[in-house]
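Novice:
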Amino acid sequence: MGLLDSYKANKAIANLLAAPSNTSSEAKMASQRLKEIGPSAIPALINAMDEAAETEDIERLLRGFLTRNTLQDYIQAWSEGDRHIQAAITRILKSGQQYDANSLLDLLEDPDIPKIQLAEVLMTHVEQLRANTIVSLLISMPSGLRALAYPLLDKLITDQNTHELLRLKSSNEAALRVYVARLFGKFNNEMSRDTLMQLLVDENKHVRAAALDGIANLNMAVPIKAVVNLLRDPDLTVQGKAIESLIKINDPTTVKYLIEILQDESEYIRRAAVEVLNEVGDQNAITDLLNALRDQDWWVKVRAADALGTIGGPRVVDAILELIKDEDEFLRRTAVEILNSSKDERAIDHLIAALKDEDWWVRERAADALSAMGNEKALQPLRKMLLQGPEACKIAMRALASLNDVESVEELIRLLQSSDNDVRKEALRSLAKLTDSKTAETVQIAVTRMENVNDEELKTLLMKTNNELKDKFGDKTVQMNRDGTATPTHTSSVSQTPVFNTVETASINLDPGSLVDGRYEIIRKIGRGGFGVVMLVNDKIVNDEFILKFLHTHLSNDENMIERFTHELRYTRRITHPHIIRIYDFLALKSTSSYAISMEYFPSHSMADEMAGNKILDIDRIVMVCAQICDGMSAAQKAHVIHRDLKPANILINDENNVKIVDFGLAAAASHTDSRITKSGILIGTPTYMSPEQARGKKIDSRTDIYSLGILMYGMAAGRPPYKGNDAMAILFQHAEGKAKLPSAYNPDIPDELEAIIMKAMAHDPDDRYQTFIECRESLLAYQK
């Protein structure tokens, strides 16, 4: 603008500002004059606003001059002016219609432009803006400025242009991916669904969470398995979002994908699956879910049952209460396991009915559940079970002891005279818990009058029970004699009539002096194992004493059992070693239609005797015994024979401290190690000493025996095993988890070097253990030096 025009413009502005009102003739003339001068008056008008008390007339003129060509003058004033001028320019730009608002987008990165006012202007003209331009800006601009652009894109994106957002989903910046997930969640189309499904597997947890929110808002079918997978997400917030999304989507196919989640090792993940099941499952769905678990490993079923029982809601419990009556044995077993974790009072009557189930497992676990609930309604049905067979009787005794049922003491006293030693043992354990001051004398008399106590374990338990009762209530009767018998001082009313026939003698006469097959003279009973009774015999033909291990008669028709005994001979014959009991032959006894294995007789006691009463052994003795075990087991390892039941009871030691390993009846060649439970329901291996891979039914090798040795050493040094539980499954589950405390937690005097040997031997991962028994033996001997 020339000097003359500048002079004219300034004079007109002065007249405008001096006019008495904006409607006066002076004001109108001045405004007209400025219009005639045209856009060249813009700088003067902007400068005049700085001193003007009222700027309405000036702003009206500036709005008229605002076009695409003059926009830069306004931008310059916006960036250089004070707050008064910036506010006026903002109002002018918001109301102006003769310029392209897209020209202002680049100003988002201009540090001199007032950002809040710029955002206001852009939002006013948002319909003019181009979405692809804003997307490009979002990709390139600093993250701190994106908050200004997000609202603009929110307004611009519709179902028709969501494709403009696709560039953002692959951005390197998580914040942009979060934003695009939230934006796609607003639109119900296939592009949105597909994009959100891709973002479900994003590396950033916030992106995954936003994608879940978006998917939950879609009103269309989605690949539900991908959503279910996020129940395993390591971030709990994302996991929670997955739960919410699955419940909101309520897809009927969800349940079948929860099956895999219920098998997860993480308790939190299993619980997440049940939370979803509580809302989306019905009885049919839950039945399908349990059926899908049918062929899974036991520990998978236990975990799933625990999760379903612990946090299963009304829908789950209602379905389970129906399934406990199902004809399918597996479904009944699984249902009763779930109810053991549930403790739902609605289950009482169903569990009582299950006490009569034809399946022993259902009966036993129903009794466990009832005892855990503590409901007195269960007492009478459990008492009736005391009158049934040995297995039902033992189940009932354990449950009644847990329920503190002192009314059952009289019947328990009667059971002390059972001819089944296992029943007698359980009766002793239950009486130790239930005896009170009123029944102490009667119980003590009954305990001391027990006859035919020729089982070593029973004798030990009898002594222990008697001592406990005397400690609690004083000596109400005579002291126990050295031979385990007593001379009573009171008359007992306890019936001497046997209650049950013993399993092992039901069809075989094993009394001392009797002959088996006209050849083997019974000398005495040595013990009893999980598969048979062990007798010392004399072969009348060769006049030699050895051991005969008889298979229980009620298992003799089990082909699997016969095969297992055959294994004992076949595989153990491969091993000849001073520290392993020799196996002679497998016998089919025609006169009794039974089977037995003949083996070396080794006068000795077991390590179980030395470890009884949670005794901590001397360190030198631990090393001496375990080094010999390693020596013997190294021969088995070389022959590819796995013991699979290495435990204190199978470690024999004589008065000269010579150690021998017995009972390779559980052994199998390394190529045949896939069976953990026989057809008869017998557990292969002892839960306390069972390795994680064996407990899970996985393929095993000699390192399984090394683990068992580690558990054995742990018990010797700590006075207790690393894992304890109320039942076998509870112990196996702990082995599968592998979270044992250090043995020094129970015995702080354990040397660090020995503790390290123990923990390496019982490492959860087989690769982290000693790989051979020789290695373990060398470590023990090196420590001893």
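Note that the sequence shown ends on residue 775 in this note's numbering; no numbers are left out. Built from N, CA and C at the ideal position, the CB exists for glycine as well. Remember, it's a predicted structure, so these values are computed and weren't measured experimentally.
#1: Over what stretch of residues does the beta strand (DSSP E) that includes Ala43 continue unbroken?
#2: Just to confirm my understanding: we take Gly508, look at its own chain, exclude 5 residues before and 5 after, and list those with CB closer than 6 angstroms. What are they?
#3: Name the DSSP beta bridge partners of Asn528, please?
#4: Per DSSP, Tyr585 is paired with what?
#5: Spatial neighbours of Ile259 within its chain, please: C-beta separation below 7 angstroms, excluding the five flanking residues on both sides.
#6: Could you name each continuous alpha helix (DSSP H) segment of 4 residues or more that falls completely within the stretch 252 to 296, going from the start of the chain to the end?
#7: So, for Thr425: in the same chain, excluding its five sequence neighbours on each side, which residues have a beta-carbon less than 7 angstroms away from its beta-carbon?
#8: Per DSSP, Gly517 is paired with what?
#9: Give every residue of the same chain whose Cβ lies closer than 8 angstroms to the Cβ of Thr13, excluding the five residues on either side of it in the sequence, and list them in chain order.
#10: Is DSSP giving Ile740 helix, strand or coil here?
#11: Measuring from the CB of Ile338, is there a heavy atom of the ligand GDP at a distance below 7 angstroms?
#12: Could you compute how far the alpha carbon of Leu500 sits from the alpha carbon of Met363?
#13: Going by CA-CA distance only, name the one from Ala359, Leu189, Arg50 that's closest to Arg336.
#14: Do you know how far the Cα of Val306 is from the Cα of Val326?
#15: Please list, in chain order, all residues of the same chain as Thr450 whose beta carbon is under 7 angstroms from its beta carbon, the five residues on each side excluded.
#16: Considering only residues of the same chain and omitting the five flanking positions on each side of Trp289, which have a CB-CB separation below 7 angstroms?
#17: For Gln286, which residues of its own chain have a beta-carbon under 7 angstroms away from its beta-carbon, when the five flanking residues on both sides are left out?
#18: Taking Thr80 as the reference, give the member of Asn92, Asp90, Ala67, Gln88 with the closest Cα.
#19: Taking only the alpha-carbon atoms, compute the straight-line gap between Val413 and Pro380 and give it to the nearest angstrom.
#20: Along the beta strand (DSSP E) that carries Val649, what are the first and last residues, could you check?
#21: When you compare only the Cα positions, how much space is there between Ser624 and Asp695?
#22: Alpha carbon to alpha carbon, how far is Met614 from Leu771? Give it in angstroms, no decimals.
#23: Taking Leu202 as the reference, which of Lys238, Ala2, Met181, Glu416 has the closest Cα?
#24: Please tell me whether Asp149 and Phe177 are closer than 8 angstroms, where the distance is taken between their beta carbons.
#25: Buried or exposed: where does Leu311 fall if 16 or more other Cβ atoms within 10 Å of its Cβ makes it buried?
#26: Output the residue ranges of the alpha helix (DSSP H) runs that lie fully inside the stretch 110 to 179 and measure 4 residues or longer, sorted by chain position.
#27: Can you list, in chain order, the residues of its chain with a C-beta nearer than 8 angstroms to that of Ser133? Leave out the 5 residues immediately preceding and following it.
#28: Go ahead and pull the three-state DSSP assignment for Ser483.
#29: Would you kindly work out how many angstroms separate the C-alpha atoms of Pro502 and Val527, rounded to a whole number?
#30: In three-state DSSP terms, what is Ile606?
#31: Note down the Cα distance separating Ser(-4) from Pro29, rounded to an integer number of angstroms.
#32: Could you check what DSSP says for Leu345 in three-state terms: helix, strand or coil?
#33: The alpha helix (DSSP H) with Ile403 in it runs from where to where?
#34: Using 8 angstroms for Cβ pairs, my map puts Asp47 next to Leu6. What's the rounded Cβ distance?
#35: Counting C-beta neighbours from all protein chains within 10 Å, is the total for Thr57 16 or more, i.e. buried, or is it exposed?
#36: With 16 as the cutoff for other CB atoms within 10 Å, does Lys428 come out buried or exposed?
Specialist: If we stick to the structure as given:
#1: Neither: Ala43 is in no beta strand (DSSP E) and is coded neither H nor E.
#2: none
#3: Glu511, Glu535
#4: Ala578
#5: Leu221, Arg222, Ile251
#6: 257 to 270, 273 to 282
#7: Val399, Val433, Leu459
#8: Val524
#9: none
#10: coil
#11: Within the structure as shown, the ligand GDP is missing, as the structure has no ligands at all.
#12: 43 angstroms
#13: Ala359
#14: 13 angstroms
#15: Ala602
#16: Ala685, Arg686, Leu722, Phe723, Ala726
#17: Gln253
#18: Ala67
#19: 6 angstroms
#20: 649 to 651
#21: 10 angstroms
#22: 9 angstroms
#23: Lys238
#24: yes
#25: buried
#26: 121 to 130, 136 to 146, 156 to 159, 164 to 174
#27: Glu163, Ala165
#28: Bear in mind that the predicted position of Ser483 carries a pLDDT of just 34, short of 50, making it too unreliable to give a figure here.
#29: 9 angstroms
#30: coil
#31: 12 angstroms
#32: coil
#33: 399 to 405
#34: 6 angstroms
#35: exposed
#36: exposed
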